[in-house]
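Numbering (full-length UniProt numbering), first residue to last: 1 to 736.
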């Protein structure tokens, strides 16, 4: 309940014979006009739009509306008191009792359709959003703010208010059921969401409403910069600013750097995080991503549609990213329940739809991706699920090291090819593939030629694309909230996170979750024998001299040049783009760089690191299976080994299980000491399945191998001119 004293504005209403044309007369019209004009100017609000407060009964809409109105010195209209009861000449409860639920909603909707106002704060009833035509009418001249209060809190408030019936309540249905049912209507109409905890004061909610409206009307505040841009060189010209939609389509900054939000990531209060403890994964994703993506770029309703499509039916587990207790204080964050069985699905079931929404309709796009194993099939699968009209203007080309991925990973990438998505094996390693794509993007002559000659622009789907990182923040935050929900820890207690790390994107997302308010103590970076990151985190020296890539059982982290490390260095260097440019120029030209001592100390406050040998990786898989019956994939085993060595056991540790063991069947069979290993990937999965493992063999892999395992793919030499020729040929075949 809100406990607040307020003095409402003196408001006189006159209702015409037709029912709902209100005249609003303020006691201080001149002062109001001056303040209102000043406020609109200073807050960049447009015209005389209404601020419309929406939410369940007991959310505090009336009280908050009055406070917001006082702060703005503008008219305040409560639909219940000032509109419905004035129109009906009876109380709302009497009307409900008189006409019943269905007729009440219809009468309420008719009243909304006859109502008009401007420059006002309007508090809706809890049931207004259930009338579609009425809400469409209200939205024409208003910004709808959803006061999002958990059902449990609303139930407590209604109980204390002695409210035991609301619109829609009838024999056989509970109050809780009605409140849950209504959520779908609230989610359909809002422009802005304001999270409201149990004990939050009405004045605080009012301030949050004003802040949210200010953000909504000021998209120019949420711009992006390159990790290599200098402060003095950052543009202030409106036409040159980069917004979310721009960075999604462009991928890499023109100067070779990576895009990051100029004002950083949003921060959630402890109370806001606690409000998500009871939420589903999809609900958590919606709330978090709304704060990271401005509604001008992707409106809340479209974002909800994209999230629902991404995680609705494509994941085999209803919890999407479940947390499983392994042993002691160790927990596994299972990130392999998506269609291609790796953590890459979390971003790449979403990003294609975001990309299709953000790109201009006047141009075709070819999305380039380099993969060390898992990204390729995830990109191909994600873009293959676009609508047919989008497939006609968006194609994907996936480059992977021909001899540097597991047999099943290769079969997946070949099997996931569709009419708009192709795989090309490159006779080199992942670092060559990734570097080649970066060079293509920064070759303005070549990209310009593609645009002029073929009307086709290039885009990136690797984790260098900012949109790839955002969904990964969600699952790190969600894992912590799940531990709280399971009563493993109280909210506020710290956890450690251990991530098998190659390109630094997944562990960077965990660091971002920490910045946004999740109580993560240390992020443990787990490497295999390609342990350049371990050496760097321990010493501050990033050294590629005399270092060759070693093929391992965990190919997704067989990486020496970790792209997303650049974003983290930019962060701890206080956005010093000149320093980042200097470091990466030195790495490119001399093969190494060294951090200053103060930056290394900052880094080591967040990160610790270790690495795992091939023998220890297989031994960990065997040991865990022998004691628990659970099979770790090779990457998760790397993280398990490192976690065992580095954790101090004073808090829980969440190990990112980044892929399903089915993708690495030969290594798993070897770890389980099964001697007769057949070469056919499908036979290997059937053999694993015969052991009744936990978790079961991944259904998506079985389906892919059964249906498309024999399809062919292109193979290309490690030559830039040949890669560019392949790109041009693909564009000609698909778009021309």
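Think of the CB as a built atom: it goes at the ideal place given N, C-alpha and C, for glycine as much as any other residue.
Here residue 342 carries a strand assignment [DSSP, helix/strand/coil]. Under the criterion of beta carbons closer than 8 angstroms, residue 192 and residue 206 do not qualify as touching, at roughly 14 angstroms.
With respect to the C-alpha of residue 66, the residue from 53, 58 and 405 having the closest C-alpha is 53. Residue 610 is bridged by DSSP to 526. In this structure, residue 111 keeps its C-beta atom at 7 angstroms or more from the C-beta atom of residue 86.
Burial is judged here by how many other beta carbons sit within 10 angstroms of a residue's own beta carbon; residue 690 has fewer than 16 and is exposed. Counting only the Cα atoms, residue 143 lies some 50 angstroms from residue 610.
Boundaries of the alpha helix (DSSP H) harbouring residue 307: 300 to 311, taken from the DSSP string. For residue 664, the secondary structure class from DSSP, reduced to helix, strand or coil, is helix. DSSP lists 226 as the beta-bridge partner residues of residue 259.
When the beta-carbon positions are compared, residue 423 and residue 713 come within less than 7 angstroms of each other.
Between residue 50 and residue 141, the gap from beta carbon to beta carbon is short of 7 angstroms. Separation of the CB atoms of residue 475 and residue 321 is rounded to 4 angstroms, and the pair is thereby assigned contact status at 8 angstroms. In this structure, the CA atom of residue 528 is about 27 angstroms from the CA atom of residue 494. The residue from 653, 617 and 647 with its alpha-carbon nearest to that of residue 669 is 617. Under the three-pair Cβ rule at 8 angstroms, the stretch 545 to 558 counts as touching the stretch 484 to 504.
In this structure, the straight-line span from the alpha carbon of residue 107 to that of residue 342 is close to 51 angstroms. According to DSSP, residue 714 shares a beta bridge with 424. A Cβ-Cβ distance of about 6 angstroms is found for the pair residue 368 and residue 458, placing them in contact under the 8 angstroms criterion. One alpha carbon belongs to residue 247, the other to residue 464, and they sit about 10 angstroms apart. In the DSSP assignment, residue 282 falls outside any beta strand (DSSP E) and lies within the alpha helix (DSSP H) extending over 281 to 292. Here residue 228 is buried. Its C-beta has 16 or more other C-beta atoms within 10 Å.
A direct Cα-Cα distance of roughly 8 angstroms separates residue 659 from residue 334.
Taking each of 92, 269, 655 and 661 in turn and checking the Cα distance to residue 694, the smallest one comes out for 661. In the DSSP annotation of this structure, the continuous segment of the alpha helix (DSSP H) that includes residue 390 starts and ends at 388 to 391. Closest option to residue 546, judged by alpha-carbon separation, among 697, 327, 356 and 592: 592. Here the stretch 288 to 307 makes no contact with the stretch 448 to 455; the two share fewer than three CB pairs at distances below 8 angstroms.
Where residue 360 is concerned, there is no enclosing alpha helix (DSSP H), because DSSP gives it neither an H nor an E.
Leaving aside the five residues that flank residue 697 on each side, the residues in its chain whose CB is nearer than 6 angstroms to its CB run, in chain order, 662, 685, 688 and 689. Under the criterion of beta carbons closer than 8 angstroms, residue 665 and residue 612 do not qualify as touching, at roughly 20 angstroms.
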